[in-house]
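Chemist: Chains as they are written, first to last, in our numbering: chain V, 1 to 313; chain C, 1001 to 1313. Cβ atoms here follow ideal geometry from the backbone N, Cα and C, with glycine treated the same way. Predicted, not measured: the structure shown is a model, and the values here were computed from it. I'd like to ask you about the structure that follows.
2 protein chains.
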Amino acid sequence: MSVKEYCIGVDVGGTTVKMGLFNRGGDLLDKWEIVTRTENGGEAILPDIAASIKEKLAVHQVTPQEVCGIGIGVPGPMNAEGTVPHTANLGWGRKEVTRELTELTGIPARGGNDANVAALGEMWKGGAEGYRNVIMLTLGTGVGGGIIIDGKILVGSHGAGGEVGHTYADETVSGHCGCGNKGCLEQVASATGLVKLAKEELERSADDSLLRQEPVTAKAVFDAVKAGDQLAIRVAERFGDYLGKAIATFTAVLDPEVIVIGGGVSKAGPILLEYIQKHYLRHCYKATRGVQFVLATLGNDAGIYGCARTVLD
Amino acid sequence: MSVKEYCIGVDVGGTTVKMGLFNRGGDLLDKWEIVTRTENGGEAILPDIAASIKEKLAVHQVTPQEVCGIGIGVPGPMNAEGTVPHTANLGWGRKEVTRELTELTGIPARGGNDANVAALGEMWKGGAEGYRNVIMLTLGTGVGGGIIIDGKILVGSHGAGGEVGHTYADETVSGHCGCGNKGCLEQVASATGLVKLAKEELERSADDSLLRQEPVTAKAVFDAVKAGDQLAIRVAERFGDYLGKAIATFTAVLDPEVIVIGGGVSKAGPILLEYIQKHYLRHCYKATRGVQFVLATLGNDAGIYGCARTVLD
């Protein structure tokens, strides 16, 4: 019997599918992308992935028998059986994703929600390497999340575990969240939310600010903070307070070892963690004061790392 | 080899130790109590428990070899190895609880935090029977919690998993929480918190109310609600809003199947669930709308049931 030396991670997004070939030790041996064809209910997506994997394995002279599994991440809930109820971005209705991918490739497939597998990736080879109890927050257009308990993804009973962006933060915030609710963490702690907080402060205050000189982006806010801009600092304090409070609630519930912050906003670097942690310490339960705060390090590759890692248990 | 037909649950409180002898099917065959002797650093507690168990087994003509294990719950954090860092109510400093109890009895022991094992008890034979993903909130003097993921207690990395009473609820609340923080859920959603909310409303409003005629207790508030008392109903709405919002956050993170409400306040009955669920539905993430709300049914026996259940895996 051949040694199952390899594993494959497949991170399915609405525009591209990222894929990676790994050895069991977690070395990324090759990385490639294909276009996500969402037309006709996304019927070509899984066959395209299977064909691309076969092709790539041939290039590397790896047989399917040497691959212990394929992990696939999708932008939406997936239950423990690898079935999705509906994945709007991909055109899919109910689909038995892992069963179909296994049939198409002859290689056992597992899967998960993309934010959850990204957290697993950061635990395997990223900012949370060496830990077993992790909360990851991805601060991008929205706020995504993934929770790892004792080395395993918290999937939840509907595949909706770790939806930290849709926890309650502040009912007084203007507008509604994409989920339909009002006051979600995502509305105030995403890149979009940060821009909104900055615009509110620019309107409320007459103070001079670097933020009056250019389009307001998440990057511009933290660049201004680094330059000592007082208005931007007030915005960062409010942003940090929302996140610090929310994370204090998550740690009282989950008691993890480490918080990983990823997504576009995390490009601000360690100063972002300072603003979050300062407010975290004001609100956290005392047994959880020592939780570590780290930045994600795998960027857009977290998904393929995490997907590959799901097949190694 | 004898069949290991029995298990024992030991729920250690600051005043009494409750114990129960169960068969593997979860029938409670006998239940008894001893006094908790907390003097001298609580050194007598585990020997007293061991002696009482031996005596009781002799009465039932059960040999230690027929007992698959003893589960012990304590009022404080206990890590996965069965060690407590410090349990103030019992006089204990750091103590290897399960190792010592195993040595004293010759029967394998496991353990956990009392609120966590109570949740496991309710899953085994109480309000959450048949479910595998459970959040339990115990609304008593404080707010305790226990979380079950896929049939197992979420212990956390410091044994502080499920400390839902110390999640953030409202910074504007008067006074501080017993944990030292300000604005904890426990301050507004415990029996004590409910009384505080009622007293605030009695002061703020000039309305007539049944609550002006007797000492304000959690029971009096919900009795008045049942009698149609408008002031009490406003208090119940605010109480339900705090809990509904908090539980919406917990379910977005954990995606459980069922919420179990226990503790003294839960004696109000189904009307309590109505006030919580109404506000829950205003705030919850859509994938978690269908979560069930049930009352705890085991009362003070939840601990011994849950402790006994810990040794059956």
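When you compare each of C:1242, C:1271, C:1283 and C:1073 to residue 1294 (chain C) by their alpha carbons, which one comes out closest?
Modeler: Residue C:1271 is the option with its Cα nearest to residue 1294 (chain C).
Chemist: Measure the CB-CB distance between residue 1201 (chain C) and residue 1238 (chain C) and report whether it falls below 9 Å.
Modeler: Contact flag set, yes.
Chemist: Find the nearest neighbour of residue 1164 (chain C) within the set C:1009, C:1210, C:1144 and C:1107, judged by alpha-carbon distance.
Modeler: Nearest C-alpha to residue 1164 (chain C): C:1144.
Chemist: Please tell me whether residue 278 (chain V) has its Cβ less than 9 Å away from any Cβ of chain C.
Modeler: Closer than 9 Å: no.
Chemist: Evaluate the contact criterion for the segment 1236-1253 of chain C versus the segment 1182-1202 of chain C: three or more CB pairs, one atom per stretch, below 8 Å.
Modeler: The segment 1236-1253 of chain C, when compared against the segment 1182-1202 of chain C, does touch it at the 8 Å Cβ threshold.
Chemist: If we ignore side chains and look at the alpha-carbon of each, how far apart do residue 1177 (chain C) and residue 1276 (chain C) end up?
Modeler: Each residue's alpha carbon lies about 22 Å from the other.
Chemist: Could you tell me whether any Cβ in chain C is nearer than 9 Å to the Cβ of residue 132 (chain V)?
Modeler: Answer yes: the Cβ-Cβ gap between residue 132 (chain V) and chain C drops below 9 Å somewhere.
Chemist: Is the number of C-beta pairs between the segment 150-160 of chain V and the segment 1207-1227 of chain C that are closer than 8 Å three or more?
Modeler: With a cut-off of 8 Å, the segment 1207-1227 of chain C and the segment 150-160 of chain V do not count as touching, because too few Cβ pairs lie within range.
Chemist: When you compare the segment 1295-1308 of chain C with the segment 1011-1020 of chain C, are there three or more beta-carbon pairs, one atom per stretch, that lie closer than 8 Å?
Modeler: They touch, by the three-pair rule.
Chemist: Whole angstroms are fine: how far does the CA of residue 98 (chain V) sit from the CA of residue 1085 (chain C)?
Modeler: Answer to the nearest angstrom: the Cα atoms are 44 Å apart.
Chemist: Could you tell me whether the Cβ atoms of residue 1181 (chain C) and residue 285 (chain V) are closer together than 9 Å?
Modeler: Yes, these two residues count as a Cβ contact at 9 Å.
Chemist: With DSSP run on the structure shown, which of helix, strand or coil describes residue 275 (chain V)?
Modeler: Of the three classes helix, strand and coil, the one that applies to residue 275 (chain V) here is helix, per DSSP.
Chemist: Examine chain C for any beta-carbon lying closer than 9 Å to the beta-carbon of residue 250 (chain V), and answer yes or no.
Modeler: Chain C, which has a Cβ nearer than 9 Å to the Cβ of residue 250 (chain V), makes this yes.
Chemist: Output the boundary residues of the alpha helix (DSSP H) element that contains residue 305 (chain V).
Modeler: Unbroken alpha helix (DSSP H) run through residue 305 (chain V): 302-310.
Chemist: Please check the pair residue 263 (chain V) and residue 139 (chain V), which I expect to be a contact at CB under 8 Å, by giving their CB distance rounded to whole angstroms.
Modeler: Yes, residue 263 (chain V) and residue 139 (chain V) are in contact; Cβ-Cβ is about 4 Å, under 8 Å.
Chemist: Of the residues that make up the segment 1160-1178 of chain C, which ones have a beta carbon closer than 7 Å to any beta carbon in chain V?
Modeler: Within the segment 1160-1178 of chain C, the qualifying residues are 1160, 1161, 1162, 1163, 1164, 1166, 1167 and 1168.
Chemist: Pairs of beta-carbons, one from the segment 1102-1118 of chain C and one from the segment 1062-1079 of chain C, closer than 8 Å: are there three or more?
Modeler: Contact between the segment 1102-1118 of chain C and the segment 1062-1079 of chain C is present, because at least three Cβ pairs lie under 8 Å.
Chemist: Are residue 254 (chain V) and residue 1156 (chain C) touching if we call contact CB-CB under 9 Å?
Modeler: Their beta carbons are under 9 Å apart, which means residue 254 (chain V) touches residue 1156 (chain C) by this criterion.
Chemist: Please tell me whether residue 136 (chain V) and residue 34 (chain V) are closer than 9 Å, where the distance is taken between their beta carbons.
Modeler: No, the pair does not count as a contact, with Cβ atoms beyond the cut-off.
Chemist: Relative to the alpha-carbon of residue 87 (chain V), which residue among V:12, V:312 and V:199 has its alpha-carbon at the smallest distance?
Modeler: Among V:12, V:312 and V:199, the Cα nearest to that of residue 87 (chain V) is on V:12.
Chemist: Which residue's Cα is closest to the Cα of residue 1066 (chain C): C:1223, C:1233 and C:1107?
Modeler: That would be C:1107, whose Cα lies nearest to the Cα of residue 1066 (chain C).
Chemist: Helix, strand or coil, according to DSSP, for residue 96 (chain V) in the structure here?
Modeler: The answer is strand: DSSP assigns residue 96 (chain V) an E or B state.
Chemist: For residue 193 (chain V), which residues in the same chain have their Cβ closer than 6 Å to its Cβ, ignoring the five residues on either side in sequence?
Modeler: Result list for residue 193 (chain V): 187, in chain order.
Chemist: Leaving aside the five residues before and after residue 1132 (chain C) along the sequence, list all residues of the same chain whose C-beta is less than 6 Å from its C-beta, in chain order.
Modeler: So the qualifying residues of the chain are 1150 and 1151.
Chemist: Rounded to whole angstroms, what is the Cα-Cα separation between residue 130 (chain V) and residue 1259 (chain C)?
Modeler: Spanning the two alpha carbons is a distance of roughly 33 Å.
Chemist: Which word fits residue 1291 (chain C), buried or exposed, when buried means at least 16 other C-beta atoms lie within 10 angstroms of its C-beta?
Modeler: Buried.
Chemist: Pick helix, strand or coil for residue 1 (chain V), following the three-state DSSP scheme.
Modeler: In this prediction, residue 1 (chain V) has a pLDDT of 49, which is less than 50 and means its spatial position is unreliable; what the coordinates show is noted afterwards. Residue 1 (chain V) falls in the coil class under three-state DSSP.
Chemist: For the alpha helix (DSSP H) containing residue 351 (chain V), name the first residue and the last one.
Modeler: An answer regarding residue 351 (chain V) cannot be provided, because it is not within the stretch 1 to 313 covered by chain V.
Chemist: How about residue 1134 (chain C) and residue 1071 (chain C): are their beta carbons less than 9 Å apart?
Modeler: In this structure, residue 1071 (chain C) does not lie closer than 9 Å to residue 1134 (chain C) by Cβ.
Chemist: For residue 1 (chain V), which residues from the same chain have a beta carbon less than 6 Å from its beta carbon, with the 5 sequence-adjacent residues on both sides left out?
Modeler: Low local confidence applies: a pLDDT of 49 at residue 1 (chain V) is under 50, so the model's placement there is unreliable, and no value is given.
Chemist: Spatial neighbours of residue 278 (chain V) within its chain, please: CB distance less than 8 Å, with the 5 preceding and 5 following residues excluded, ordered by chain position.
Modeler: Once the five neighbours on either side are set aside, the close Cβ partners of residue 278 (chain V) are 240 and 244.
Chemist: Run through DSSP, which three-state label would residue 187 (chain V) get?
Modeler: Of the three classes helix, strand and coil, the one that applies to residue 187 (chain V) here is helix, per DSSP.
Chemist: Cβ closer than 7 Å: which chain V residues qualify as neighbours of residue 1086 (chain C)?
Modeler: Residues of chain V passing the Cβ test: none, with the nearest at roughly 11 Å.
Chemist: Return no unless some Cβ of chain D is closer than 9 Å to the Cβ of residue 149 (chain V).
Modeler: The displayed structure is made up of protein chains V and C, and chain D is not among them.
Chemist: Measure from the C-beta of residue 1157 (chain C) to each C-beta in chain V and report whether the shortest distance is under 9 Å.
Modeler: Closer than 9 Å to some Cβ of chain V, the Cβ of residue 1157 (chain C) qualifies, so yes.
Chemist: I need the DSSP call for residue 161 (chain V), collapsed to helix, strand or coil.
Modeler: Coil.
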